[in-house]
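**Q** Next up is a structure, given as structure tokens.
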Amino acid sequence: MACILVVDDSKFMRTLLCALLEEAGHQIVGEAENAKEAIELYKMLKPDLVTLDVIMPEVEGTNAASAIKAIKQMNPEANVVMISAMGQDSLMKEYLQAGAKDFIVKPFNLPEVAKVVATVLGN
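Read in order, the letters of the sequence shown correspond to residues 1337 to 1459 in my numbering.
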């Protein structure tokens, strides 16, 4: 079981992802609706894994790529998994270079989410 921080600007998507992750046996330790909140929560909670939506409102210049970099500065071993909608695959290279470990494409399902999380966590 991993402690996971879920970051997405959509409450619906956070709720859905949390439910899938909990069904897979993980604990949700926090939720954030933007990258700035994600960085602050990461500092406090130190989760095993962060799921981070690709497209979120920017807050004071903080976007998904800069959030990954900030998290990796705090912990180079941090596990960040990007969540992207169909058609955003071209952005994934940027996020993987910034330090994300993998990504999940929306719409997602339990087997897909569980597989990516297990792979990233080395289970």
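We treat Cβ as the ideally placed atom computed from N, Cα and C, and that holds for glycine.
Quantities reported herein were computed from a predicted structural model and do not represent experimental measurements.
Does the region 1364-1372 come into contact with the region 1449-1458, if we say contact requires no fewer than three beta-carbon pairs (one atom in each stretch) closer than 8 Å?
**A** no
**Q** Under DSSP, the beta strand (DSSP E) around Phe1439 begins and ends at which residues?
**A** Position 103 of the sequence shown, counted from the start, is the residue given in the question as residue 1439. For Phe1439, the uninterrupted beta strand (DSSP E) segment begins and ends at Asp1438 to Lys1442.
**Q** Starting from Val1342, follow the beta strand (DSSP E) in both directions and report where the run begins and ends.
**A** Start at 1 with the first residue of the sequence shown, and residue 1342 comes out as number 6. For Val1342, the enclosing beta strand (DSSP E) begins and ends at Cys1339 to Val1343.
**Q** Given a cut-off of 9 Å on the beta-carbon distance, is the pair Asp1345 and Pro1393 in contact?
**A** Along the sequence shown, one-based indexing puts residue 1345 at 9. Along the sequence shown, one-based indexing puts residue 1393 at 57. Judged by their CB atoms, Asp1345 and Pro1393 are nearer to each other than the 9 Å cut-off.
**Q** Please report the distance separating the alpha-carbon of Leu1353 from that of Val1456.
**A** Translated into positions along the sequence shown, residue 1353 becomes position 17. Translated into positions along the sequence shown, residue 1456 becomes position 120. Their Cα atoms are separated by approximately 16 Å.
**Q** What residues in its chain sit with their C-beta under 7 Å from that of Thr1387, if we drop five residues either side in the sequence?
**A** Start at 1 with the first residue of the sequence shown, and residue 1387 comes out as number 51. Closer than 7 Å at Cβ, skipping near neighbours: Ile1340, Val1342, Val1343, Leu1353, Val1417 and Ile1419.
**Q** For the alpha helix (DSSP H) that contains Ser1420, what are its first and last residues?
**A** Residue numbering aside, residue 1420 sits at position 84 when the sequence shown is read from its first letter. Here Ser1420 belongs to no alpha helix (DSSP H); instead the beta strand (DSSP E) covers Val1416 to Ala1421.
**Q** With Met1337 and Tyr1378 assumed to form a contact (beta carbons below 8 Å), what rounded beta-carbon distance in angstroms separates them?
**A** By one-based count along the sequence shown, residue 1337 stands at place 1. By one-based count along the sequence shown, residue 1378 stands at place 42. About 19 Å separates the two Cβ atoms, so there is no contact after all.
**Q** DSSP puts Asp1384 in a beta bridge; with which residues?
**A** For the purposes of this step, residue 1384 is identified with residue 48 of the sequence shown, where counting begins at 1. Secondary-structure assignment with DSSP links Asp1384 through no beta bridge to anything.
**Q** Which two residues bound the contiguous beta strand (DSSP E) that contains Glu1367?
**A** The count along the sequence shown starts at 1 and reaches residue 1367 at position 31. First-last of the beta strand (DSSP E) with Glu1367: Gln1363 to Ala1368.
**Q** With a 10 Å radius around its C-beta and 16 neighbouring C-beta atoms as the bar for buried, classify Pro1412 as buried or exposed.
**A** Counting from 1 along the sequence shown, the entry for residue 1412 is found at position 76. It is exposed - the Cβ of Pro1412 has fewer than 16 other Cβ atoms within 10 Å.
**Q** From Leu1427 to Ala1454, what does the alpha carbon distance come to, in whole angstroms?
**A** By 1-based counting over the sequence shown, the position of residue 1427 is 91. By 1-based counting over the sequence shown, the position of residue 1454 is 118. When rounded, the distance between both Cα atoms is 23 Å.
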